Amino acid sequence: MKTHRSYVCPGVRSALKFCNLLVMNLLKRIALLFVQCVIGYIASFIEYFAQKPKSVVHKVIAITGAAQGIGREVAFMFASMKAKVVLLDLNQELAEQTAKLINSTGGQAYAFGCDVADPAQMREIAKQIRNDPSLGCPDVILCAAGVWTVKLLEDTTDSDVQKTINVNTLGCFWTIRAFYPYMLERGSGHLVVVSSMAGHFGNSYSAAYSASKFAIRGLMESLEWEIFDRGQSDHLKVTTIYPFLTETNLLNSCQISTDVFRILPISETAQSIVNAILYEKTEVFIPSYSSLIEPSRYVRIAVRNFLNIRYK
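Structure, rendered in structure tokens:
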């Protein structure tokens with residue numbers, strides 16, 4: 000008996016071949032995505048147990064919002080480790096009082112009045128610190144200045160929105176952009192931003208605040224990749240902190256309760272920030288178990304590689 004082979008026109012054959020190659024390529028990339036996620040988790044596990052904290056003795060650590068709250072607490076902690084702390088705050092008088100108190104206990108602190116929402120002012124302050132023979136380009140920049148407007152969206156004024164974005168988002172942008180060129184020039188540095196759990200999920204009464212913190216997350220993730228693409232990620236570090244509610248003046252404007260996470264004392268949040276800097280963590284959730292709300296950054300890194308977006 001004769002067998003008859005079905006005829007497939009060349010156009011269909013080419014289309015089938017193309018689809019087959021496309022599917023095989025997609026499967027390979029999905030497999031690579033899975034492998035990268037696994038490797039990332041293993042690397043994170045090894046890093047957690049093997050990494051040693053860096054020394055900050057005589058290092059220059061500049062902190063915005065350092066006159067009070069979390070920034071002030073972090074400044075005291077680093078001063079006790081013999082770091083030179085640079086206090087940057089809109090309230091220069093309060094920053095100077097804090098610096099005086101640190102210096103009276105044997106630390107080294109320098110106070111500067113500045114508005115993080117003013118890019119020209121931040122560039123001038125960065126230049127002034129860099130050219131100061133006692134300081135020079137900071138080894139660590141910590142953006143801790145922030146404001147919080149607790150209102151429903153329809154009650155949030157234009158001024159509320161502008162102030163929140165100017166301080167929380169643009170304040171970080173201008174601060175980083177002012178100091179980052181000097182770090183690139185030197186070939187080392189550490190850029191740290193205090194975001195919020197609100198930078199991962201929105202909630203009532205926090206539209207402006209949450210939007211400002213989501214933006215910070217995008218800024219820092221993009222900056223991380225820029226540094227990586229430059230081939231300088233071994234010496235230029237970025238860290239984003241996502242704390243839960245902390246007992247600062249930002250909470251004075253409202254009464255808040257929570258059924259899951261407790262409101263954190265300033266000392267606990269500040270200590271976690273200090274540890275994140277010493278161990279050069281890229282992302283830190285406070286408390287640490289709150290990271291369960293967000294997929295691992297290694298999954299996001301793998302997805303970014305999977306998408307393979309390139310700019311020319």
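For the sequence shown, numbering that gives the first Met the number 0 gives the first residue as 0, with consecutive numbering after it. Using N, Cα and C, we set each Cβ at its ideal position, and we do this for glycine too. Quick caveat, the model's predicted, so the values are computed rather than measured.
Going by beta carbon distance, what residues of the same chain come within less than 7 Å of ARG129, once the five residues before and after it are set aside?
-> GLY135, CYS136 and TYR181
Considering ILE62, what are the terminal residues of the alpha helix (DSSP H) in which it resides?
-> Counting along the chain, ILE62 falls outside any alpha helix (DSSP H), though it belongs to the beta strand (DSSP E) covering 59-63.
Between the CA atoms of LEU86 and ALA143 - distance to the nearest angstrom = 11 Å
Using the beta-carbon count (16 or more within 10 Å), is GLY70 buried or exposed?
-> buried
So what does DSSP say about GLU95, is it helix, strand or coil?
-> The answer is helix: DSSP assigns GLU95 an H, G or I state.
Give the single residue among THR148, ALA119, LEU100 and ALA269 whose Cα lies nearest to the Cα of ALA110.
-> LEU100
Between which two residues does the beta strand (DSSP E) carrying TYR109 extend?
-> 107-112
Is the stretch 234-245 touching the stretch 275-283, taking contact as three or more C-beta pairs under 8 Å?
-> yes
List the whole-angstrom C-beta distance separating ALA116 from VAL149, where the pair is believed to meet the contact cut-off of C-beta under 8 Å.
-> Contact doesn't hold; Cβ gap of about 20 Å is too wide.
Three CB pairs or more closer than 8 Å across the stretch 199-219 and the stretch 160-176 = Yes: the two stretches touch, three or more of their Cβ pairs being nearer than 8 Å.
Measure the alpha-carbon distance for TYR310 versus VAL139 and round it to whole angstroms.
-> Bear in mind that a pLDDT of 43 at TYR310, under 50, signals an unreliable position, so the number given afterwards is only what the model happens to contain. Going from the Cα of TYR310 to the Cα of VAL139 covers about 29 Å.
Note down, in chain order, each residue of its chain lying with its Cβ closer than 6 Å to the Cβ of ALA82, except the 5 sequence neighbours on either side.
-> VAL55, LYS58 and ILE60
Thinking C-beta only, is ILE62 closer than 8 Å to ALA74?
-> yes
Using three-state DSSP, classify ALA154 as helix, strand or coil.
-> Note that residue 154 is Asp in the sequence shown, not Ala. ASP154 falls in the helix class under three-state DSSP.
So, helix, strand or coil for TYR118, using DSSP?
-> Contrary to the premise, residue 118 reads as Pro rather than Tyr in this sequence. Helix.
Taking Cβ positions, are ALA177 and ALA125 nearer each other than 8 Å?
-> yes
Reference ALA210, options SER194, GLN120 and GLN127, closest by Cα = SER194
Status (buried if at least 16 other CB within 10 Å, exposed otherwise) for CYS113 | buried
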